[in-house]
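Below is one structure, written out as structure tokens, with a few remarks after it.
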Amino acid sequence: MKSGTKLPEVTFHTRVRDASVEGPNPFRWEDKTTADYFAGKRVILFSLPGAFTPTCSTYQLPGFENGHADFKAAGVDEIYCMSVNDSFVMNKWAQDQGLKNVKVIPDGSGEFTRKMGMLVDKDNLGFGMRSWRYAAIINDGIVEAWFEEPGLMDNCPEDPYGFSSPENLMKHLNEVKEPELA
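The sequence shown begins at 1 in UniProt numbering and counts up by one.
What follows is the structure in structure tokens.
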């Protein structure tokens, strides 16, 4: 994926809290499109192999959550976390992580991830098809900057992490901002 690339058009099947739904699971289905998430906004999208996994839960997601105010100050409207997990799993993970700022996007079938060229086989970990770890700054549905972990491959024996870290994206945003001030 390169800067200037338009995001693929996809419909995401999400579950949203609805006070009118009674019972222990007060959610309803709501389809959202690529445009619903990305049109008219400058956002960070980061995608990772799986909800509740170690690197994702310990470093990447908390880093973006805790850095939210700094990203807002750098001109980012929203931060989205995507994984090839269904909406039930993503919502439970968001709850487990105590998210207040980062919003989760379920790519349950992997359609968006496949169209982005980032769907990989992780059978070696018992995961099946999942997302390669990446992050992007998206401006009105167009990739402004791309941060992909090295070694993209099926059944990778490693879980590289660094290029898609919140610290690396903030460094990029600060470097981009500085020339404008000069």
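Idealized CB from N, CA, C, for every residue including glycine.
For residue i, which three-state DSSP category applies?
i, result
"Y37", "helix"
"M116", "coil"
"D159", "coil"
"D123", "helix"
"M129", "strand"
"P49", "coil"
"E144", "strand"
Cα separation between residue i and residue j?
i, j, result
"D159", "D18", "37 Å"
"Y134", "P26", "32 Å"
"D157", "V43", "Looking at the sequence itself, residue 157 is Pro, so the reference to Asp does not match. In a straight line, the C-alpha of P157 is about 31 Å away from that of V43."
"K100", "V84", "21 Å"
"G75", "A69", "10 Å"
"M170", "S20", "40 Å"
Who pairs with residue i in a beta bridge, going by DSSP?
i, result
"D31", "H13"
"E175", "Paired residues: none, contrary to the question."
Please classify residue i as buried or exposed, where buried requires at least 16 neighbouring CB atoms within 10 angstroms.
i, result
"F38", "buried"
"S3", "exposed"
"A35", "exposed"
"F12", "buried"
"T113", "buried"
**Item:** Entirely enclosed alpha helix (DSSP H) segments - the region 57 to 100, minimum 4 residues
**Value:** Listed in chain order, the alpha helix (DSSP H) elements of length 4 or more contained wholly in the region 57 to 100 are 61 to 66, 68 to 73, 87 to 97.
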